[in-house]
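The structure appears below as structure tokens.
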Amino acid sequence: MSLGGSTTGAPVGTDRASRESFLSALTGVNVILPNGTDTAAIVVCGVINGVTAIMLAYAWCNYRYRPIRAKNLTWVTLMYVSVLLWFIGNLPANGMVNIVGAWKLCKMWIVWFRMLFCFVFASMAIVRFYALDHVFNRKKPFTTFNSILAFGIVIVLNGTYSLVTQLISDDLTAGYYSEMQVCNATPGFCISAVGLQWALWLGVGVLIFRLRNIQSSFNEFYESIAVFAVIIALLIESTVINVHYPYYILMQSKRISQTVMDTLCSNLVIWLIMGYPVFMSIFRRREYERRWLDKLAYDSQKVVVTEGGSSGGTRGDKTRLGSRLSTEPPFGDSDLAVPGFAMVHDELFLREDMDLHYAMLNSPSLFDATLVHTTPHERRMI
Numbered sequence: 001m002s003l004g005g006s007t008t009g010a011p012v013g014t015d016r017a018s019r020e021s022f023l024s025a026l027t028g029v030n031v032i033l034p035n036g037t038d039t040a041a042i043v044v045c046g047v048i049n050g051v052t053a054i055m056l057a058y059a060w061c062n063y064r065y066r067p068i069r070a071k072n073l074t075w076v077t078l079m080y081v082s083v084l085l086w087f088i089g090n091l092p093a094n095g096m097v098n099i100v101g102a103w104k105l106c107k108m109w110i111v112w113f114r115m116l117f118c119f120v121f122a123s124m125a126i127v128r129f130y131a132l133d134h135v136f137n138r139k140k141p142f143t144t145f146n147s148i149l150a151f152g153i154v155i156v157l158n159g160t161y162s163l164v165t166q167l168i169s170d171d172l173t174a175g176y177y178s179e180m181q182v183c184n185a186t187p188g189f190c191i192s193a194v195g196l197q198w199a200l201w202l203g204v205g206v207l208i209f210r211l212r213n214i215q216s217s218f219n220e221f222y223e224s225i226a227v228f229a230v231i232i233a234l235l236i237e238s239t240v241i242n243v244h245y246p247y248y249i250l251m252q253s254k255r256i257s258q259t260v261m262d263t264l265c266s267n268l269v270i271w272l273i274m275g276y277p278v279f280m281s282i283f284r285r286r287e288y289e290r291r292w293l294d295k296l297a298y299d300s301q302k303v304v305v306t307e308g309g310s311s312g313g314t315r316g317d318k319t320r321l322g323s324r325l326s327t328e329p330p331f332g333d334s335d336l337a338v339p340g341f342a343m344v345h346d347e348l349f350l351r352e353d354m355d356l357h358y359a360m361l362n363s364p365s366l367f368d369a370t371l372v373h374t375t376p377h378e379r380r381m382i
């Protein structure tokens, strides 16, 4: 928002009604300064954030539940932290609070909270979808080191952009407009920020388009489409607000809709990623986990069939499928009654200490004593 022009006669320090009248005359819009309605909207946004926090807390308490653990809960939690900091920056940036005290540090709130963590949220979404493409399409593992490296790159790139913005004059970016007692962001700054958001999320769209090629049951393609649709709707709303309503922070309905939409859509992304496994862990815990493991085993069989040769069989590698959830065995104690030879129908594909070979014509039968043996790398072969 740009509040250019003469400030002669600005009613600094006068009553609320006089300030609203003056700003209305200056901007040509019906100015309503923050009041109880804005506070109610902030409370609603706080409740939305709180519900998501409860969901993630439950997920962490059930981290050993494999469908939850497979969602990369740490990365999703970092995305949620970005949502919270983005929301805090929205309060002064969108004019939801009276700009007094610490809220006067407008450039800090706008650049280092709203803009930075809005970009970090988008960047982390890019990394998440890139990881899916890397594992399922390129058949390469996305390790803990890769995650740490990606997070570092996200912080460095976005932090550098924010630092450059901080060093540019407030007249060209954002700052506190003392005469009007509001935070001021120039139209050019707003449009450039929204434009960069479009660029980031279009990059997400390209990665999602690549996910359609994934043959695994865990490709998350439709979930990703839903995430993309939610964010595109938010970007359209933000673009319209910033282009057609340059003084939207002085217009109560517009600033509230912008703040609530930001909060609702960003939290909805978290729910689209984590909501289903959390819901199923509450209401159909064992049944859903069994079906989840069956899908994983079925994917392993597809890899075996796809990569099989004429040498008598092939090996199903669960790491190639992106299902390396932890170093723990995927079965309970009752499944491990016979060490090294525990099998639960087709779930033996999940074992890390076995090489799986399928009988072919003229190959040894299951009754051949030589069929089960130990390979040089200490793995048992069936």
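Letter by letter, the sequence shown follows residues 1 to 382 of UniProt numbering.
Where a beta carbon is used, it is the ideal one built from N, C-alpha and C, also for glycine.
### Task
Have a look at R255, G159, G95 and A131 and flag the residue whose alpha-carbon is nearest the alpha-carbon of F119.
Residue numbering aside, residue 119 sits at position 119 when the sequence shown is read from its first letter. Of the candidates R255, G159, G95 and A131, the one whose C-alpha sits nearest the C-alpha of F119 is G159.
### Query
Grouping DSSP H, G and I as helix and E and B as strand, with all else coil, what is Y177?
For the purposes of this step, residue 177 is taken as the residue at position 177 of the sequence shown. Y177 falls in the strand class under three-state DSSP.
### Query
Should N267 be listed as close to the ligand GDP, given that the test is whether its C-beta is under 7 Å from any heavy atom?
By its list of ligands, the structure shown contains no ligand whatsoever, and the ligand GDP lies outside what it can speak to.
### Query
Can you check whether the CB of C45 is closer than 8 Å to the CB of I110?
Position 110 of the sequence shown, counted from the first residue, corresponds to residue 110. Position 45 of the sequence shown, counted from the first residue, corresponds to residue 45. Against a cut-off of 8 Å, the Cβ pair of C45 and I110 comes out as no contact.
### Query
With DSSP run on the structure shown, which of helix, strand or coil describes N72?
Working through the sequence shown from its first residue, we reach residue 72 at position 72. In the structure shown, N72 sits in coil (DSSP, three-state: anything other than H, G, I, E or B).
### Query
Does the stretch 112-128 come within contact of the stretch 89-104, defined as at least 3 CB pairs closer than 8 Å?
yes
### Query
Where residue 386 and R19 are concerned, what is the direct C-alpha to C-alpha distance, given to the nearest angstrom?
This structure does not reach residue 386, given that the chain is present from 1 up to 382, and the question cannot be answered.
### Message
Could you pull the DSSP bridge partners for A185 from this structure?
### Response
The residue given as residue 185 occupies position 185 in the sequence shown. According to DSSP, A185 bridges with A174.
### Task
Determine the closest residue to T165 out of L202, C190 and I231, with distance taken between C-alpha atoms.
On the sequence shown, residue 165 is found 165 positions in, with the first residue counted as 1. When only C-alpha atoms are compared, the closest one is C190.
### Query
To the nearest whole angstrom, what separates the beta carbons of L235 and Q197, a pair I think is in contact under 8 Å?
Indexing the sequence shown from 1 puts residue 235 at position 235. Indexing the sequence shown from 1 puts residue 197 at position 197. Rounded, the Cβ-Cβ distance is 6 Å, consistent with contact.
### Query
Around the C-beta of G340, are 16 or more other C-beta atoms found within 10 angstroms, so that it is buried, or is it exposed?
As a position in the sequence shown, residue 340 is number 340, starting the count at 1. Its pLDDT being 40, under 50, G340 is placed unreliably in this model, and the coordinates cannot settle the point.
#### Entry: Backbone CA spacing between I241 and A297 [nearest angstrom]
Stepping through the sequence shown from its first residue, residue 241 is reached at position 241. Stepping through the sequence shown from its first residue, residue 297 is reached at position 297. Distance between the alpha carbons of I241 and A297: 49 Å.
### Message
Measuring alpha carbon to alpha carbon, tell me which residue in G101, P67 and T52 is nearest S82.
### Response
On the sequence shown, position 82 is the one that residue 82 refers to. Cα-wise, what sits closest to S82 is T52.
### Task
In angstroms with no decimal places, state the Cα-to-Cα distance between P187 and T27.
Within the sequence shown, the letter at position 187 stands for residue 187. Within the sequence shown, the letter at position 27 stands for residue 27. Each residue's alpha carbon lies about 14 Å from the other.
### Query
So is R66 buried or exposed if we call it buried at 16+ other beta carbons inside 10 Å?
Taking the first residue of the sequence shown as 1, we reach residue 66 at position 66. Its Cβ being crowded by 16 or more others within 10 Å, R66 is buried.
### Task
Return the Cβ separation of T228 and V260 in integer angstroms, given the expectation that the two are a contact with Cβ distance under 8 Å.
In the sequence shown, counting from the first residue as 1, residue 228 sits at position 228. In the sequence shown, counting from the first residue as 1, residue 260 sits at position 260. According to the sequence provided, residue 228 is Phe. The question's Thr does not apply to it. Wrong, their Cβ atoms sit about 21 Å apart, outside the cutoff.
### Message
So for M280, helix, strand or coil by DSSP?
### Response
As a working note, residue 280 is residue 280 in the sequence shown. DSSP places M280 in helix when its eight states are reduced to three.
### Query
Given N98, which residues of its chain have a CB within under 6 Å of its CB, disregarding the five upstream and five downstream residues?
Mapped onto the sequence shown, residue 98 falls at position 98. Correct list, in chain order: P34.
#### Entry: Inter-residue spacing [alpha-carbon to alpha-carbon] between A226 and P277
The count along the sequence shown starts at 1 and reaches residue 226 at position 226. The count along the sequence shown starts at 1 and reaches residue 277 at position 277. Distance between the alpha carbons of A226 and P277: 16 Å.
### Task
Leaving out five residues on either side along the sequence, give the residues of the same chain with a beta carbon under 6 Å from the beta carbon of V127.
To locate residue 127, count along the sequence shown from 1; it is residue 127. The answer, listed in chain order, is A150.
### Query
What residue from L264, L200, L272 and S257 has the CA that sits closest to N49's CA?
The residue you call residue 49 lines up with position 49 of the sequence shown. Of the candidates L264, L200, L272 and S257, the one whose C-alpha sits nearest the C-alpha of N49 is L264.
### C-beta atoms of I256 and A41 nearer than 8 Å
By one-based count along the sequence shown, residue 256 stands at place 256. By one-based count along the sequence shown, residue 41 stands at place 41. In contact: I256 and A41 (Cβ atoms closer than 8 Å).
### Query
Helix, strand or coil for D262 per DSSP?
Taking the first residue of the sequence shown as position 1, residue 262 is located at position 262. It is helical.
### Task
Grab the span of the alpha helix (DSSP H) containing A102 for me, first residue to last.
By 1-based counting over the sequence shown, the position of residue 102 is 102. Element bounds for A102: n/a, residue is neither H nor E.
### Query
Are M124 and W75 touching if we call contact CB-CB under 8 Å?
Locating residue 124 in the sequence shown gives position 124, counting from the first residue. Locating residue 75 in the sequence shown gives position 75, counting from the first residue. The answer is yes: Cβ separation under 8 Å.
### In chain order, each alpha helix (DSSP H) run of at least 4 residues that lies wholly inside the stretch 13-69
16-27, 36-61 and 66-69
#### Entry: Local Cβ density within 10 Å of I208, reported as buried at 16 or more and exposed below that
For this step, residue 208 is matched to residue 208 along the sequence shown. With 16 or more Cβ atoms within 10 Å of its Cβ, I208 is classed as buried.
### Query
Does the separation of the CB atoms of S253 and I68 fall below 8 Å?
Residue 253 sits at position 253 when you count from the first residue of the sequence shown. Residue 68 sits at position 68 when you count from the first residue of the sequence shown. Contact flag unset, no.
### Query
Among Y245, Q181, Y248 and L163, which residue has its Cα nearest to the Cα of residue 383?
Nothing can be reported for residue 383, as the shown portion of the chain is limited to 1 through 382.
#### Entry: Nearest candidate by alpha-carbon position, reference A102, set V243, W201 and Y176
Looking up residue 102 in the sequence shown gives position 102. The option with the nearest alpha carbon to A102 is Y176.
### Query
Starting from R114 and walking both ways along the alpha helix (DSSP H), at which residues does that stretch end?
In the sequence shown, residue 114 corresponds to position 114, counting from 1. Here R114 belongs to no alpha helix (DSSP H), and DSSP marks it neither H nor E.
### Message
Using only the alpha-carbon positions, how far apart do L268 and V243 sit?
### Response
Here residue 268 refers to the residue found at position 268 of the sequence shown. Here residue 243 refers to the residue found at position 243 of the sequence shown. Taking the straight line from one Cα to the other gives about 25 Å.
#### Entry: Residue range of the alpha helix (DSSP H) that includes V156
As a first step, residue 156 is located in the sequence shown; it is residue number 156 there, counting from the start. Its alpha helix (DSSP H) spans residues T144 to L167.
### Message
So E220 and L293 are supposed to be a Cβ contact under 8 Å. How far apart are they, rounded?
### Response
Counting from one through the sequence shown, the residue named residue 220 turns up at place 220. Counting from one through the sequence shown, the residue named residue 293 turns up at place 293. At roughly 17 Å, the Cβ-Cβ gap does not stay under 8 Å, so E220 and L293 are not in contact.
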